[in-house]
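J.:
Residue numbers (this note's numbering), protein chains in the order written: chain A, 1 to 378; chain B, 379 to 536; chain C, 537 to 894.
1) Whole-angstrom Cβ separation of residue 807(C) and residue 755(C), contact assumed at under 8 Å?
2) Which of the three DSSP states, helix, strand or coil, is assigned to residue 43(A)?
3) Along the stretch 408-432 of chain B, where does the CB come closer than 7 Å to a CB of chain C? Name the residues.
4) I need the boundaries of the beta strand (DSSP E) containing residue 718(C), first residue and last residue.
5) Tell me whether the beta-carbon of residue 332(A) lies closer than 7 Å to the beta-carbon of residue 308(A).
6) Per DSSP, which one or two residues make a beta bridge with residue 484(B)?
7) Determine the chain C residues that contact residue 266(A) at a beta-carbon separation under 7 Å, and present them in chain order.
8) So who's on the other strand from residue 338(A), going by DSSP bridges?
9) May I ask you to list the residues that DSSP assigns as paired with residue 443(B)?
10) Would you mind sorting residue 427(B) into buried or exposed? The rule is 16 or more other CB atoms within 10 Å of its CB.
11) For residue 570(C), report the span of its alpha helix (DSSP H) as first-last.
12) Among the residues of its own chain, which have a CB less than 6 Å from the CB of residue 180(A), if the five just before and after it don't count?
13) Does residue 824(C) come within less than 7 Å of chain A when only Cβ atoms are used?
14) Could you tell me which residues DSSP puts in a beta bridge with residue 167(A)?
15) Against chain B, which members of the stretch 826-842 of chain C pass a CB distance test of less than 9 Å?
16) Relative to the alpha-carbon of residue 32(A), which residue among 56(A), 47(A), 43(A), 22(A) has its alpha-carbon at the smallest distance?
17) Assign residue 12(A) to buried or exposed, taking buried as 16 or more other Cβ atoms, counted over all protein chains shown, within 10 Å of its Cβ.
18) Could you check if residue 581(C) is buried or exposed, using at least 16 other CB atoms within 10 Å of its CB as the buried criterion?
19) Counting only beta-carbon separations shorter than 7 Å, does residue 74(A) have a partner in chain B?
20) What residue does the alpha helix (DSSP H) around residue 196(A) start on, and which one ends it?
21) Taking the alpha carbon of residue 640(C) as the point to measure from, which residue in 695(C), 697(C), 555(C), 792(C) has its own alpha carbon closest?
22) Going by the DSSP bridge assignment, what does residue 478(B) pair with across the sheet?
23) With residue 766(C) and residue 208(A) assumed to form a contact (beta carbons below 8 Å), what rounded beta-carbon distance in angstroms separates them?
24) From the DSSP output, in three-state form, read off residue 79(A) for me.
25) Going along the stretch 697-708 of chain C in order, which residues come within less than 8 Å of chain B, judged by CB to CB distance?
26) Would you say residue 764(C) lies against chain B (beta-carbon separation less than 7 Å)?
27) Between which two residues does the beta strand (DSSP E) carrying residue 20(A) extend?
28) Thinking C-beta only, is residue 218(A) closer than 7 Å to residue 397(A)?
29) From which residue to which residue does the beta strand (DSSP E) around residue 312(A) run?
30) If the cut-off is 8 Å on Cβ atoms, which residues from the stretch 468-489 of chain B count as contacting chain A, listed in chain order?
31) Does DSSP put residue 52(A) in a helix, in a strand, or in coil?
32) Any beta carbon from chain A within less than 7 Å of residue 495(B)'s own beta carbon?
33) Counting C-beta neighbours from all protein chains within 10 Å, is the total for residue 28(A) 16 or more, i.e. buried, or is it exposed?
34) Going straight from the alpha carbon of residue 854(C) to that of residue 607(C), what length do you get?
35) Beta-carbon of residue 200(A) versus every beta-carbon of chain B: anything under 7 Å?
36) So if I threshold CB-CB distances at 8 Å, which residues from the stretch 865-887 of chain C count as touching chain A?
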């Protein structure tokens, strides 16, 4: 890798054959955070992209090693902050799996509903931000209007809007808010009536289509070899939905389709996410009226001790497969912990899919990869 | 054939653009759809969710009594050292020595509002309050002592 | 009835009475300069506020509403802030060109103001080749932008400026052809004659479908020429941070910002003059009573109303559409707009020769 002076030297001088090296980020409107892309250009055409990471590294994995099994869950909200609830769920599932904790049905149902709400909220934000990357500012506000309803629901029930920390090993922190079902139903009606708006403004727009169709094509083989998961891989036709392959909680009881597209371009990735929102609505509709009565948290010991061994669980976040890998020595804290974050693998294809395209295409490819930088860097 | 394709291209493109303009035009002409909240002005009517995790507080009743026993469960549960329980020994009228809190120091600037301390508390002595306007000019003001001066533990709480 | 024409004649009579003709002309020049500069400042303030309000209402929010009633003085406050801000010059920038560029862009805007008829007989310079003058001068603004991009010594600025160069040069063509259709219909390049030819109806109504097509082409082309979204590739916020004016700050940035809005005003004013009859009131056939009523509205109000309608249209575009890519931008011009406008010009020529227009 580079040391600091080499980076400066490397990026401030013209390369061979009229190459132009520009630094996109760490402060750049399109990178949505502190991602640093060193882009080598030939005119407008991209020759090479090199992502430089580390600007928001907080060593979360190391931090988690000093926290108990109850405490480390909340830190994972700070990784992929847009699907924090699902991250928390992954960690809780690992502890429940390792300690054989029985989770009440009510908790399972609520967890799934909240996961799907989180997924919709994340995709809504992505939709707005993606449209903004391509220069359309208005859809951002329309998407946020719907997202706001979800954050309100989260605020009512979980007490926070973004980093909820509502899940504890064995169930939930407290019971549902009495208004929960009513508000979720109101959200579903609102969402269904506003979906056409996104179609008019974004999906069917000729400029948007020409900006995304055939841009950043990722083949199924490449998707697999780069380790892409989630909507990015599914847009290339790779079936990789953890909710279908390894169903957790009550995903095996609900009916939903795994959204698959075959084109593998930016528009396919866009369509996968838009359709996924509808599938999430479908899941919520099936569950919202059938939440069983009962406890919201199972019986757990006061001090959690994972038995000696190695544990791995995976969940499907809004961005793909999120894996938690814990090595336990039998103590109250993990011996070693590793998170498999979807964003890191998805970012790694950026160079592959953007070489030969233009700067404008980079925005489309980067937008549809749906990068959350704290998730990549941890 | 080429000409036909060309013309359909232009027409469908223009139609898709007009559809988008109709949508934005609708919102432009319907100010009722505006969703903005006038935040600092609507402070009086602002409704915060009762579960909103804004800061940790310790409720006191009319006799200036709280229910904190000083068991340090919250201190142990806290992932980042936000809470520090300082205990002292009080002599009751019968001459028995009893452990009580001197100060429950809460450092708001470290708190991540994870709610673990509230769940851990066996006597419901602390709870989350929906206050969110925490800005101060001096960092030391964020270090708070939750129990009020001269407060005592309520009778019957062990 | 309120009329700007009376004021100008009175001023001129009074000046000729007091001074010799040369002196009077000099004083008139000074007055015109002062007026156009104040018009610039005023337009900048009004249009920026208008843009922000239009954007806000389209985006279901309120927009500026703190400074003054309904946020009216927000732009004044912003301008004061920009004036007081330090104008940074990058270390290795070409200082002379860097400082010159915003003024070049401004100057072009000022020059374009000359042939515009703001009201009946209220025009700075009714040059006989008015339309030709406009299309030639408006292409000069690219020099200022290229200058800014080059002098900034910033790669983003350079890319933005190069994009802008390619864009303005190509869209100049279809804007020119759209203007030419009206010239063909009128048979004159003079602005006052073009306006007078629309006494019994505006060209957009009189010229049948070709005039409508020409209008659409004109609006698209000038949106591109003024670097507005969806053609704001020179700025392309999410790609090039701020494009050619990335390195500008303080008053120099304000000049670029102002120039953008002035350019919009000017192209919309020209569009209103060519297609909507400039200051000419709406007249329908032989509805005498209606036509008479319309005449009571001052001509300056008509002109401003039409211009601001077109400005609103361009703002509406900006807040609805995504941005095009640079190759698509050139494709749109060379593969769609240019052939269509050439064909349209032919159609108009046929109509004009056969006298099919009203």
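Positions of the beta carbon are idealized from the N, C-alpha and C atoms, including for glycine.
These numbers come from a predicted model, not from an experiment.
T.: Inspection of the coordinates gives the following:
1) Counting from 1 along the third chain, the entry for residue 807(C) is found at position 271. Counting from 1 along the third chain, the entry for residue 755(C) is found at position 219. With a Cβ gap of about 7 Å, residue 807(C) and residue 755(C) count as contacting.
2) As a first step, residue 43(A) must be located in the first chain, where it is residue number 43. Residue 43(A): coil per DSSP, three-state reduction.
3) Going along the stretch 408-432 of chain B in chain order, one finds 409, 411, 412, 413, 414 with a Cβ nearer than 7 Å to chain C.
4) On the third chain, position 182 is the one that residue 718(C) refers to. It is not in any beta strand (DSSP E) - residue 718(C) instead sits in the alpha helix (DSSP H) that spans 691-722.
5) Start at 1 with the first residue of the first chain, and residue 332(A) comes out as number 332. Start at 1 with the first residue of the first chain, and residue 308(A) comes out as number 308. No.
6) Residue numbering aside, residue 484(B) sits at position 106 when the second chain is read from its first letter. Answer is 461(B), 522(B), bridged to residue 484(B).
7) On the first chain, residue 266(A) is found 266 positions in, with the first residue counted as 1. Under the 7 Å cutoff, chain C gives no residues; its nearest Cβ is about 12 Å from residue 266(A).
8) Taking the first chain and counting its residues from 1, the one referred to as residue 338(A) is at position 338. Under the DSSP definition of a beta bridge, residue 338(A) partners with 325(A).
9) Position 65 of the second chain holds residue 443(B). 530(B), per the DSSP bridge assignment.
10) Reading the second chain from its first residue, position 49 is the one you call residue 427(B). Under this definition residue 427(B) is a buried residue.
11) Mapped onto the third chain, residue 570(C) falls at position 34. Note, residue 570(C): alpha helix (DSSP H), 557-594.
12) Numbered from its first residue, the first chain carries residue 180(A) at position 180. For residue 180(A), where only same-chain residues beyond five positions count, the Cβ hits under 6 Å are 157.
13) As a working note, residue 824(C) is residue 288 in the third chain. No, its Cβ sits nowhere closer than 7 Å to a Cβ of chain A.
14) Here residue 167(A) refers to the residue found at position 167 when the first chain is read from its first residue. DSSP lists 172(A) as partners of residue 167(A).
15) The residues in question: there are none.
16) Position 32 of the first chain, counted from the start, is the residue given in the question as residue 32(A). The option with the nearest alpha carbon to residue 32(A) is 56(A).
17) Within the first chain, numbered from 1, the residue matching residue 12(A) stands at position 12. For residue 12(A), the predicted model reports a pLDDT of 47, less than 50, meaning its position is unreliable and no value from the coordinates is stated.
18) The residue you call residue 581(C) lines up with position 45 of the third chain. A residue is called buried once 16 or more other Cβ atoms fall within 10 Å of its Cβ, and residue 581(C) is buried on that count.
19) For the purposes of this step, residue 74(A) is identified with residue 74 of the first chain, where counting begins at 1. Yes - at least one Cβ of chain B is within 7 Å of the one on residue 74(A).
20) To locate residue 196(A), count along the first chain from 1; it is residue 196. Note, residue 196(A): alpha helix (DSSP H), 180-198.
21) Here residue 640(C) corresponds to residue number 104 of the third chain, with the count starting at 1. Per the Cα distances, 792(C).
22) Counting from 1 along the second chain, the entry for residue 478(B) is found at position 100. Bridge partners of residue 478(B): 466(B).
23) For the purposes of this step, residue 766(C) is taken as the residue at position 230 of the third chain. For the purposes of this step, residue 208(A) is taken as the residue at position 208 of the first chain. 10 Å between Cβ atoms; not a contact.
24) Sequence index remark: in the first chain, residue 79(A) carries index 79 (1-based). Three-state result, residue 79(A): coil.
25) none
26) The count along the third chain starts at 1 and reaches residue 764(C) at position 228. No, residue 764(C) does not count as interfacial toward chain B.
27) Taking the first chain and counting its residues from 1, the one referred to as residue 20(A) is at position 20. For residue 20(A), the enclosing beta strand (DSSP E) stretches over residues 20-24.
28) As shown, chain A starts at 1 and ends at 378. That puts residue 397(A) outside it, with no answer to give.
29) On the first chain, position 312 is the one that residue 312(A) refers to. Per DSSP, residue 312(A) belongs to the beta strand (DSSP E) from 309-316.
30) Answer set for the stretch 468-489 of chain B: empty.
31) Locating residue 52(A) in the first chain gives position 52, counting from the first residue. Strand.
32) Counting from 1 along the second chain, the entry for residue 495(B) is found at position 117. Chain A contact via Cβ: absent.
33) Within the first chain, numbered from 1, the residue matching residue 28(A) stands at position 28. With 16 or more other Cβ atoms within 10 Å, it is buried.
34) Counting from one through the third chain, the residue named residue 854(C) turns up at place 318. Counting from one through the third chain, the residue named residue 607(C) turns up at place 71. Spanning the two alpha carbons is a distance of roughly 22 Å.
35) Counting from one through the first chain, the residue named residue 200(A) turns up at place 200. Chain B, which has a Cβ nearer than 7 Å to the Cβ of residue 200(A), makes this yes.
36) none
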